[in-house]
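Novice: Throughout, this note's numbering is defined as the position within the sequence shown, counted from one, plus 1. Think of the CB as a built atom: it goes at the ideal place given N, C-alpha and C, for glycine as much as any other residue. Got a structure for you, written out below as structure tokens; questions coming shortly.
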Amino acid sequence: MNTALMSPSQLQLRGTLLVALSGMLYGLIGYLGTELFHEHFSVANMLFWRFLIATFWMLGSITLLRKKNSESTQAYSSLVKVILFGAVTYSGGSAFYFMASTHIGTGVGMVIFFSFPVFVTLFAWLFSGWRINKHTFASLVAVVTGLLLLKGQGQYQLDIFGLFFAILAAFCYASYVYGSQHSAKTIDSRLLTFLICFANTVIFLILSCYTHSLSVPVTPVAWCYVLALGIIATAVPIQLLLDGLKYISPVKASILSVLEPVVTVIIGLALLHEKMSYTQSIGVIIVLLGAILIQFERIADHT
């Protein structure tokens, strides 16, 4: 459907669905990453293969679906800046989250990381003069409350290093979401996704070599997990998020992204045979209510 013929409400709905689907696909990362750890992958090596596969996937997509009309010179002139920005913020969010998890556990680390919508809202207020409305505020409160319930009982004590890494991860990813809004509107989402994945491939290749953990998947099962992680849980959701940012604000997009931990918990129940407590069930419901509540937010998507 031609977006030029769509009404503002239809564009909002389109952006909402794209970002929501992106968040749900991201929810596969926990399961796929866990299975790769069982295949003796290190964090750096797993992330290297994740972004390498995503890079090749997006390169093929660009080659096969290249538009006849090329991007503007102004867009190409900013590609270096986009690569550097995506390399620092996206890789930072990924790496610092796993570093935090080793200190404070994945549960607490997940809660702190997925509080990144608070940072996005703060950025919008500081740099765009945006004023928070009651629907956004209520949604943020619901999401943070739901995540606190969703984390369950952790086995790690909270320490200062884990807390610092988790907050830094949330800050990096919030910077990525907020900072990508302009690039998403001026550069084709396929090209932008390719650049982000390529930059992260280089970073985690260096880290894998530095830690002497670089290895090649040797079993068909490992290759299946790597391909699924790189394509379904990385390349596709990144592009969906960038497409969604064309139609909705980064604040709204960041709140919708918290559907990821909900999907992670559900997949853990279905595939990893994990158990969910009554409190966690309530947390899932509250997060979903927060995601629904943000749909009442009607600010202009120019923050």
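(1) Along the alpha helix (DSSP H) that carries residue 338, what are the first and last residues, could you check?
(2) According to DSSP, is residue 218 part of a helix, a strand, or is it coil?
(3) Report yes if the CB atom of residue 115 is closer than 8 Å to the CB atom of residue 259, and no otherwise.
(4) Using the Cα positions of residue 103 and residue 172, report the straight-line distance between them to the nearest angstrom.
(5) Residues in its own chain within less than 6 Å of residue 261 by CB, not counting five upstream and five downstream?
(6) With a cut-off of 8 Å, do at least 3 Cβ pairs link the region 43 to 62 to the region 198 to 206?
(7) For residue 243, which residues in the same chain have their Cβ closer than 7 Å to its Cβ, ignoring the five residues on either side in sequence?
(8) With 16 as the cutoff for other CB atoms within 10 Å, does residue 53 come out buried or exposed?
(9) Using the C-alpha atoms, what's the distance from residue 217 back to residue 1?
(10) Whose C-alpha, out of 55, 176 and 257, is nearest the C-alpha of residue 85?
(11) Are the beta-carbon atoms belonging to residue 83 and residue 249 less than 8 Å from one another?
(12) Would you call the region 144 to 152 and the region 283 to 296 touching, i.e. three or more CB-CB distances under 8 Å?
(13) Do the region 57 to 65 and the region 225 to 242 meet, that is, are 3 or more Cβ pairs less than 8 Å apart?
(14) Give every residue of the same chain whose Cβ lies closer than 7 Å to the Cβ of residue 124, excluding the five residues on either side of it in the sequence, and list them in chain order.
(15) Whole angstroms are fine: how far does the CA of residue 42 sit from the CA of residue 308?
(16) What would DSSP say about residue 44, mapped onto helix, strand or coil?
(17) How many angstroms separate the CA atom of residue 209 from the CA atom of residue 40?
(18) Within the same chain, show all residues whose beta-carbon is closer than 7 Å to that of residue 270, passing over the 5 residues directly before and after it, in chain order.
(19) If you follow the alpha helix (DSSP H) that residue 255 is part of, which residue opens it and which one closes it?
(20) Ignore the nearest five residues each way along the sequence and tell me which others in residue 73's own chain have a CB closer than 6 Å to its CB.
(21) Taking DSSP as the reference, what is the three-state secondary structure of residue 67?
(22) Residues in its own chain within less than 6 Å of residue 304 by CB, not counting five upstream and five downstream?
(23) Which value, in whole angstroms, describes the spacing of the CA atoms of residue 292 and residue 95?
Specialist: On the basis of the data shown:
(1) One cannot answer for residue 338 here, as it falls past the ends of the chain, which runs 2 to 304.
(2) coil
(3) yes
(4) 18 Å
(5) 24, 27 and 28
(6) yes
(7) 181, 185, 190, 193 and 194
(8) Buried, since its Cβ has 16 or more Cβ neighbours within 10 Å.
(9) This structure gives no information on residue 1, because the portion of the chain shown stretches from 2 to 304.
(10) 176
(11) At the C-beta level, residue 83 and residue 249 stay beyond 8 Å of one another.
(12) yes
(13) yes
(14) 175 and 179
(15) Here the chain comprises residues numbered 2 to 304, so residue 308 is not present and cannot be evaluated.
(16) helix
(17) 16 Å
(18) 277
(19) Counted as a single uninterrupted DSSP element, the alpha helix (DSSP H) harbouring residue 255 occupies residues 251 to 257.
(20) In this prediction, residue 73 scores a pLDDT of 46, lower than 50, which makes its location untrustworthy; no coordinate-derived value is stated.
(21) coil
(22) Confidence is the limiting factor: at residue 304 the pLDDT is only 44, short of 50, which leaves the residue's position unreliable and the question unanswerable from this model.
(23) 23 Å
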